[in-house]
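Visitor: The numbers in our numbering rise by one with no breaks, and the one at position 91 of the sequence shown is 121. This is the structure, below, for whatever I ask next.
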Amino acid sequence: DTAAHTQPFQAEVSELLHLMVHSVYSETDIFLRELISNASDACDKLRYEAIATPALLGEGEAPKIRIIPNKQAGTLTVADNGIGMERQELIDHLGTIARSGTKAFVAKLKEAKDGLGLIGQFGVGFYSAFMVADRIVVISRRAGESDVWTWTSSGGSGFEIARASDEDAARVTRGTEIVLHLKDDAKKYLEAYEIERIVGAYSDNILFPIELVPEEGEPRQINSASALWQRSKSELTAEDYKQAYKQIATAFDDPAMTLHYRAEGRYSYAVLLFAPSTKPFDLFEPSRKGRVKLYVRRVFITDDADLLPGYLRFVRGVVDSEDLPLNISREMLQNNPQLAQIRKAVTTRVVSELESLADKDAENFAKIWDAFGAVVKEGIYEDFERREKLLSLSRFTTTTGEKRALKEVVADFKPNQTEIYYLVGDSIERLKSNPRLEAATARGIEVLLLTDPVDAFWTSMPSEFDGKPLKSLSQGDLNLDLIPRVDEEKKDEPAADEAATIAVIKGSLGERVSDVKASTRLTSSASCLVADSQGPSRELERILAQQNR
Ligand code: ADP
Ligand code: MG
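This is the structure in structure tokens:
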């Protein structure tokens, strides 16, 4: 059928577009970065599908991206000859917001007063084009298909889908043209120098050639289109890396850590990884998926290969293998022994890089720890092999009020102290007034105050650091008698008759407690509840009970 169909946007899209259209946000340049990034993804997908189905590439040109300004028509077109979209894909992909991160983002946008600043920080994909265009026409042909469709919207409540005109269908032989009818105040984007400036700033490392097609003269390539991770470190500047990070991770902050190396030997591969300096919205999604991209000889394969364990899911970047077969299916990746080796080696390298960052650049390490520490600590109970290393990386708020490494806590041990003490709870303030701290305070012992939900999990298994067991102040027996007190001990207190007191208390509590014991745990409070040294801590029981509700 050739009749146009009008379809409503998903509610979140309408909200987002409303914000976008009425935005006074000044950094509108990012729309071009978003469209180029989508075009590049489409070229990646085509190359990937063409591994199994070479006919998709046909006689057509190699994947590339073209930017075509037209002053007379007032339009700017971003065209790619990538995978393209069928009718239903146009409806699904350009009418809804698929990424859960974006949903969270829209919610944030609405609640924040200066929410528009967030647009630049987090990006809003395709829809950002409505900052500069009052009408957008998308013409697309999926590779290998005969039908060509157009999607048209003025950013209101919906869009229209129709069969493309013969003229459009003849021109678009594969891929997608995004035609932006620019708003009056966005006409500067028709100038070649503006386009080159933005591409240079944001999209220089896109792997595919980006051509500027001027109204007069020959098309010319305006990006360097090199796989930056394949170049040698000595050629690259800090600025190059920052740019590559923003583009590879579609991120808007600066990286707090950059790791670039090439592994040679049994397997060869290039690695370029970054740790962000700020927290994304979807960090605590249950899927715990990482998004490190796997390339094979510069062809993008997938960002779903779990190249790093869940507790490093915040790390972004690329691993480009020389030896994996190009036609490896995404399903085969799960069980590929070579990839398992790469995973292991890269994980070890990332952890050791974090360690050396902690030593050499405490400021950037602190950024990573503040944003992702709670995630890294998942590794303490998941990654048995690296537990001690992860414990050594971890920073804990202690009774000193500072964030401290275990190394520092151990260095400040009191005479005769052999264990590292901690308390788990839901806020530092409440932990500080916990009577279970009294005996430690009386001896000047530094205690870890653990308040992340994950703390209840990793502390539920025995661990030690540097040969010193970690010990809860609220669980099991506690004997601090050998450690001298530093407070004023009340000397001439009459010795209590322990046995008689315990008998009275046991008699009145009966079955409600499993035991009553005398202890030096407290100094000014009379009594407290403690959990058994076996079995879950009270905090873990509390979290599990919450999750089961
Ligand atoms: P994201 O790129 O993060 O998925 P976008 O809003 O930028 O979000 O794009 C939404 C979806 O629209 C993409 O995931 C893709 O499926 C589709 N899309 C956008 N532009 C193109 C294009 N040039 N070619 C093919 N598909 C595209
Ligand atoms: Mg995108």
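Virtual Cβ for every residue (Gly too), placed ideally from N, Cα, C. Owing to the predicted nature of the structure, the values given are computational and were not obtained by experimental measurement.
Under a Cβ-count criterion, where at least 16 other Cβ atoms within 10 Å of its own Cβ denotes burial, should K591 be classed as buried or exposed?
Guide: The chain is shown only over 31 to 579; residue 591 falls outside these bounds and no answer can be derived.
Visitor: For L479 versus L461, is the C-beta distance shorter than 8 Å?
Guide: Yes, Cβ-Cβ distance for L479 and L461 is below 8 Å.
Visitor: Let me confirm a value: K276 is counted as buried when at least 16 other C-beta atoms fall within 10 Å, else exposed. Which label applies?
Guide: That one is buried.
Visitor: If I measure Cβ to Cβ from L559 and keep anything under 6 Å in the same chain, skipping five residues before and after, which residues do I get?
Guide: Answer for L559: no residue qualifies.
Visitor: Drop a sphere of 10 angstroms on the beta-carbon of P316, count the other beta-carbons inside from all chains shown, and report buried for 16 or more, exposed for fewer.
Guide: Exposed, by the Cβ-count rule.
Visitor: Under 7 Å from any heavy atom of the ligand ADP, does the C-beta of M115 make it?
Guide: Flag set: Cβ of M115 near the ligand ADP.
Visitor: At which residues does the beta strand (DSSP E) containing Q37 begin and terminate?
Guide: Residues 35-38.
Visitor: Just to check my reading of the structure: E408 and G340 have Cβ atoms closer than 8 Å, yes? What is that Cβ distance to the nearest angstrom?
Guide: Their Cβ separation, rounded to whole angstroms, is 6 Å, which keeps E408 and G340 in contact under 8 Å.
Visitor: Check whether the Cβ of N235 sits closer than 7 Å to any heavy atom of the ligand MG, and report yes or no.
Guide: Result no, Cβ not under 7 Å from the ligand MG.
Visitor: Could you tell me whether the Cβ atoms of L363 and A404 are closer together than 8 Å?
Guide: Cβ distance not < 8 Å, so L363 and A404 don't count as in contact.
Visitor: If you reduce the DSSP assignment to three classes, tell me which class V108 lands in.
Guide: Looking at V108 - three-state DSSP - the assignment turns out to be strand.
Visitor: Let me confirm a value: R579 is counted as buried when at least 16 other C-beta atoms fall within 10 Å, else exposed. Which label applies?
Guide: Unreliable positioning characterises R579 in this predicted model, as indicated by a pLDDT of 49, which lies under 50. The coordinate reading is nonetheless provided below. So R579 counts as exposed.
Visitor: Return yes when at least one heavy atom of the ligand MG lies under 7 Å from the C-beta of F282, else no.
Guide: No, the ligand MG has no heavy atom inside 7 Å of this Cβ.
Visitor: When burial is assigned at 16 or more other CB atoms within 10 Å of the CB, is G230 buried or exposed?
Guide: It is exposed - the Cβ of G230 has fewer than 16 other Cβ atoms within 10 Å.
Visitor: Under a three-way DSSP split, which group does Q505 fall into?
Guide: Q505 falls in the strand class under three-state DSSP.
Visitor: Relative to the C-alpha of T308, which residue among R473, R296, R346 is closest?
Guide: It is R346.
Visitor: Return the residue from the list S557, G497, R96 that minimises the CA-CA distance to V202.
Guide: Among S557, G497, R96, the Cα nearest to that of V202 belongs to R96.
Visitor: Quick check: the Cα distance between L420 and E45, rounded to an integer number of angstroms?
Guide: Rounded to the nearest angstrom, the two C-alpha atoms are 42 Å apart.
Visitor: Roughly how many angstroms separate the alpha carbons of F311 and A533, rounded to a whole number?
Guide: Roughly 55 Å between the two C-alpha positions.
Visitor: When you compare each of I127, F61, L354, A69 to V43 by their alpha carbons, which one comes out closest?
Guide: Comparing Cα-Cα distances from V43 to each of I127, F61, L354, A69, the minimum goes to I127.
Visitor: Tell me the DSSP bridge mates of G205?
Guide: Paired residue(s): R171.
Visitor: For the segment 290-363, which segments carrying the beta strand (DSSP E) assignment without a break, of at least 3 residues, lie completely within its bounds, in sequence order?
Guide: Taking only runs of at least 3 residues, the beta strand (DSSP E) segments lying wholly in the segment 290-363 are 299-306, 323-326, 329-332, 346-351.
Visitor: In the DSSP assignment, what residue or residues form a beta bridge with S554?
Guide: The partner list for S554 (beta bridge, DSSP) is empty, contrary to what the question assumes.
Visitor: For M491, count the other beta carbons within 10 Å of its own beta carbon; 16 or more makes it buried, fewer makes it exposed. Which is it?
Guide: Exposed is the call here.
Visitor: With distance defined between alpha-carbon atoms, name the residue in G125, V154, D122 nearest to A137.
Guide: Residue V154 is the option with its Cα nearest to A137.
Visitor: Taking all protein chains shown into account, do 16 or more other C-beta atoms lie within 10 angstroms of the C-beta of S424, making it buried, or fewer, making it exposed?
Guide: When all chains shown are included, S424 counts as buried.
Visitor: Measuring from the CB of N68, is there a heavy atom of the ligand MG at a distance below 7 Å?
Guide: For the ligand MG, at least one heavy atom lies less than 7 Å from the Cβ of N68.
Visitor: Please go through the same chain and pick out, in chain order, the residues whose beta-carbon is closer than 7 Å to the beta-carbon of D270, but skip the five residues on each side of it.
Guide: Taken in chain order, the residues that qualify are L258.
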